[in-house]
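Structure record follows, encoded as structure tokens.
There are 2 protein chains.
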Amino acid sequence: MIQLSDATAAAIAERFKALGEPMRLRLLQALRTGECSVGDLARRVGGGQANVSKHLQVLQAQGYVDRRKEGTTSWYRITDPQVFTMCELVCGGLEEELDRKRKLLRRRR
Amino acid sequence: MIQLSDATAAAIAERFKALGEPMRLRLLQALRTGECSVGDLARRVGGGQANVSKHLQVLQAQGYVDRRKEGTTSWYRITDPQVFTMCELVCGGLEEELDRKRKLLRRRR
DNA sequence: TTCTTATATTACCATATAGTTGAATAGTAT
DNA sequence: ATACTATTCAACTATATGGTAATATAAGAA
């Protein structure tokens, strides 16, 4: 992390916030296998089409995905594969956190 | 990323969401040099005491920081240094994103 | 005891956002 | 032309959350 001016802190936070939503994480995972249309994604992750479209725009605004239009359909794809590195890191942290909580529970018995 | 059941997607999202807030990022950075009290942090990052306290609890709930009480003061410290790896990753993404936007602007002239 | 000091908690307000509905836009086919 | 499909946009509701103020709790000092 750098010095963190107000502007950079806000920019970094926006990038994290875009990943702080279950459906957006599912969309990213669905896109992991390759380019998908909005309709495909809505069917695969389960959700209204308009809602999926909105979430995809959030991901695009942060540069995680990119869009390509072909006729009436929009094809979205991952542009920043490092997002998965981040997910793996946060998953690792999750497991440690679960371990920590389990130990706390054991101590309290 | 794994299969992403509803529960795991929600848990991962919570972890990202905790980092999706400018003040929490500043708190983490302030803690990078070592253990700090709530009052110290409030002075260093600039913010009300109650607000800082609340944000620290969010970070603690996600296991990013831990607390140690000594008299009336609470000492917080980083428990998961990998959070900084994540920040570096997201910063890298930020720069790429800025580059991308700069190129788009250039193309439009 | 009373008076600080440090932190946490509660209640409240204002804003942000996820989700839905319906309309608008645009392409394609008949 | 109409009809159908795919997506986006706009408006709305409900909920979540950041910030603040006041209070509560707790520890130490005078």
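In order, the protein sequences belong to chains A and B.
Everything in the first sequence is counted per numbering that gives the first Met the number 0, starting at 0 for the first residue and increasing by one.
Everything in the second sequence is counted per numbering that gives the first Met the number 0, starting at 0 for the first residue and increasing by one.
In this text, a Cβ means the ideal position worked out from N, Cα and C, and glycines have one as well.
Everything numeric in this text was worked out from a predicted model, so none of it was measured.
Sequence-distant residues of its chain with Cβ nearer than 8 Å to residue i (five each side left out)
{"i": "V44/A", "result": "M22, R25, L26, A29, V51"}
Buried or exposed (CB count within 10 angstroms, at least 16 for buried), residue i
{"i": "G62/A", "result": "buried"}
{"i": "L40/A", "result": "buried"}
{"i": "L55/B", "result": "buried"}
{"i": "E94/A", "result": "exposed"}
{"i": "A6/B", "result": "exposed"}
{"i": "A49/A", "result": "exposed"}
Cβ shell of residue i (< 6 Å), same chain only, five flanking positions each side left out
{"i": "S73/A", "result": "V37, R66"}
Cβ distance (whole Å) where residue i is taken to contact residue j below 8 Å
{"i": "G92/B", "j": "R105/A", "result": "Not quite, the Cβ-Cβ distance comes to about 39 Å (not below 8 Å), so this is no contact."}
{"i": "L88/A", "j": "T84/B", "result": "6 Å"}
Residue i Cβ short of 8 Å to the ligand HEM heavy atom set
{"i": "S4/A", "result": "What this structure holds is no ligand at all, so the ligand HEM is not there to describe."}
Length of the line joining the Cα atoms of residue i and residue j
{"i": "G47/B", "j": "V82/B", "result": "24 Å"}
{"i": "F75/A", "j": "E69/A", "result": "Per the sequence shown, the amino acid found at residue 75/A is Tyr instead of Phe. Approximately 11 Å between the Cα atoms of the pair."}
{"i": "R42/B", "j": "G19/A", "result": "28 Å"}
{"i": "L103/B", "j": "C86/A", "result": "28 Å"}
{"i": "S4/B", "j": "I11/B", "result": "11 Å"}
{"i": "L97/B", "j": "T32/A", "result": "26 Å"}
{"i": "E34/A", "j": "R99/B", "result": "20 Å"}
{"i": "A9/B", "j": "I77/B", "result": "23 Å"}
{"i": "R101/A", "j": "C90/A", "result": "16 Å"}
Residues of its chain near residue i, where Cβ-Cβ distance is below 7 Å and the 5 sequence neighbours each way are ignored
{"i": "D79/B", "result": "G62, Y63"}
{"i": "A17/B", "result": "R23, V57, L58, Q61, Y63"}
{"i": "K53/A", "result": "none"}
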